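When you read off a place in the sequence shown, starting at 1, and then add 2, the result is the number in the working numbering.
No residue lacks a Cβ here, since even glycine has one placed at the ideal position from N, Cα and C.
Model, not experiment: these values are computed from the prediction.
These notes are about the structure you will find just below.
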Amino acid sequence: MALGSPGAGQANPERWGYQWPKTDFGTTSVESWDEIRDGGPGRDGIPALDDPSFVPAATVMLDAREPVVTVEIDGAAPRAYPVRFLIWHEIVNDTVGGIPIAVTYCPLCNSFITFDRRTPVGVLRFGVSGKLRHSDMVMFDRQTESWWQQAVGEAIVGALTGTELDVLPTWIESWGAFTSRHPDGLVMAEPAMRRPYGSTPYQGYDRAARPFLYSGDPPPHGVPPLMRVVRVGDRAWPLTRFAQEAEISEAGVRMSWTPGQASALDHGIIAKGRDVGSIRVRDAAGRDVAHDVMFAFAFHAFWPEGIWMLGD
3 MALGSPGAGQ
13 ANPERWGYQW
23 PKTDFGTTSV
33 ESWDEIRDGG
43 PGRDGIPALD
53 DPSFVPAATV
63 MLDAREPVVT
73 VEIDGAAPRA
83 YPVRFLIWHE
93 IVNDTVGGIP
103 IAVTYCPLCN
113 SFITFDRRTP
123 VGVLRFGVSG
133 KLRHSDMVMF
143 DRQTESWWQQ
153 AVGEAIVGAL
163 TGTELDVLPT
173 WIESWGAFTS
183 RHPDGLVMAE
193 PAMRRPYGST
203 PYQGYDRAAR
213 PFLYSGDPPP
223 HGVPPLMRVV
233 RVGDRAWPLT
243 RFAQEAEISE
253 AGVRMSWTPG
263 QASALDHGII
273 AKGRDVGSIR
283 VRDAAGRDVA
293 HDVMFAFAFH
303 AFWPEGIWML
313 GD
């Protein structure tokens, strides 16, 4: 959702019905429709991508600091999804190693999550609804037009309400880190759309005092609302903890931080954003663990009873 977009419209399923004729608004887990806000662009105003093309990483020239979402699935070449594309499209429906996935990014929450699109009712394909809840993207599936909360991967409105998507252990890192580890990997090709790829419409957002279209409580413990936190399940580690120690082992996971990744929400040119570093999360056996690096306000909004890992 572009920061210059209009404010919230009045929450009213009857008013939404003309654009969402298949959505069952009588079935929902949302306590109040006032939680749903219009972010500005309407349905598909931010166009999700389906089955993108990929090219060898060695043929692409990106700044080494540019962020990418890395997907490593057994039986398939490692793939990088550049944030320069995700920031304009927010959802990529793809299939990797025979697994249908959705690579998602909500810039307003800085939430990067990759979902398995297989559900009890079949394989779903997702789009961007144009709605926000607690400033987080509300996705929709094209099969039932149920609405899904991106931060938690659960349907919140419609026939599939309560259905949860499985989360895959992917992560965001710098282009330089990806190509160093996978020189023969693949990278998503530039979409054939008129967008200023490489720039961001969210310049300075992660230095703002308050989130966009968010009216919930601030995080506890004096944690700034737009501080990045590493979320694993219902626990959150503020990124500031890694200023003293580049590796943290707690609660059954080992998290490592390395410098060299630019923030996509700082400078107008993504590659020039300040260094926020990259996080990798593994379990005791060295296996990658599903996680998110999101803003503190979003963690508190969706996990109000969550555990804050603040250290000593």
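Reduced DSSP secondary structure (H/G/I, E/B, other) of residue i
| i | result |
| --- | --- |
| SER182 | helix |
| ASP268 | coil |
| TRP18 | helix |
| ASP36 | helix |
| ALA238 | strand |
| ILE89 | helix |
| ARG243 | helix |
| SER7 | In this prediction, SER7 has a pLDDT of 42, which is less than 50 and means its spatial position is unreliable; nothing more can be read from the coordinates. |
| PHE56 | strand |
| ALA82 | strand |
| THR72 | strand |
| PHE2 | Limits of the chain in this structure are 3 at one end and 314 at the other, which puts residue 2 out of reach. |
| THR25 | coil |
C-alpha distance - residue i paired with residue j, whole-angstrom precision
| i | j | result |
| --- | --- | --- |
| ARG243 | LEU312 | 8 Å |
| ILE103 | ALA210 | 32 Å |
| GLY235 | LYS24 | 32 Å |
| VAL62 | ALA248 | 30 Å |
| VAL252 | SER148 | Note on identity: in this sequence residue 252 is Glu, with Val being the wrong assignment. Those two C-alpha atoms are separated by around 37 Å. |
| LEU51 | GLU33 | 31 Å |
| ARG237 | HIS302 | 10 Å |
| ASP219 | VAL225 | 12 Å |
Proximal residues to residue i (C-beta, below 8 Å), its chain only, five neighbours per side dropped
| i | result |
| --- | --- |
| ARG230 | ASN112, ASP208, PRO240, LEU241, VAL278, VAL295, MET296, PHE297 and ALA298 |
| GLY99 | ILE75, ASP76, GLY77 and ALA78 |
| PRO122 | THR165 |
| ALA59 | ALA82, PHE180, THR181, HIS184, PRO185, ASP186, GLY187, LEU188 and VAL189 |
| GLY178 | ALA66, ARG67 and GLY262 |
| GLY254 | ASP285 and ALA286 |
| PRO8 | Confidence at PRO8 is low in this model, with a pLDDT of 42, below 50, so its placement is unreliable and the value that follows should be read with caution. Same-chain partners within the cutoff: ASP40 and GLY42. |
Option in the options with minimal Cα separation from residue i
| i | options | result |
| --- | --- | --- |
| ARG67 | HIS184, ALA286 and ARG276 | ARG276 |
| MET139 | ILE89, PRO171, ARG197 and HIS184 | ILE89 |
| SER182 | LEU51, ASP40 and PRO80 | PRO80 |
| GLN145 | HIS136, TRP177, THR260 and ALA157 | ALA157 |
| PRO221 | ILE271, PRO203 and TRP305 | TRP305 |
| HIS293 | THR72, ASN14 and ARG197 | THR72 |
| GLU37 | PRO15, ASP65 and GLY19 | PRO15 |
| PRO193 | HIS91, ARG282 and MET141 | HIS91 |
| THR30 | TRP150, ARG233, ALA245 and MET257 | TRP150 |
Cβ-based neighbour list, residue i, same chain, cut-off 6 Å, excluding 5 preceding and 5 following
| i | result |
| --- | --- |
| CYS108 | ASP138, MET139 and GLN152 |
| ARG1 | With the chain running from 3 to 314 in the structure shown, residue 1 is simply not present. |
| PRO213 | SER137, PRO227 and PHE299 |
| GLN205 | GLY270 |
| ASP168 | ASP118 |
Cβ shell of residue i (< 7 Å), same chain only, five flanking positions each side left out
| i | result |
| --- | --- |
| ARG45 | GLN21, SER131 and GLY132 |
| ILE101 | ILE75 and ASP118 |
| LEU64 | PRO84 and TRP177 |
| PRO171 | ASP290, VAL291 and ALA292 |
Contact test: residue i Cβ vs the ligand MN heavy atom, cutoff 7 Å
| i | result |
| --- | --- |
| ARG282 | With respect to the ligand MN, the structure offers nothing, as it holds no ligand at all. |
Note to self: Quick check for students: name the residue ranges of the alpha helix (DSSP H) that lie wholly in the region 167-233, counting only runs of 4 or more.
What the structure shows: Within the region 167-233, the complete alpha helix (DSSP H) runs of at least 4 residues are 177-183.
Notebook entry, point to check: Which residue spans inside the region 105-169 form an unbroken beta strand (DSSP E) run of at least 3?
Noted result: For the region 105-169, the full-length beta strand (DSSP E) segments reaching 3 residues or more read 113-118, 128-135, 138-143, 149-151 and 156-159 along the chain.
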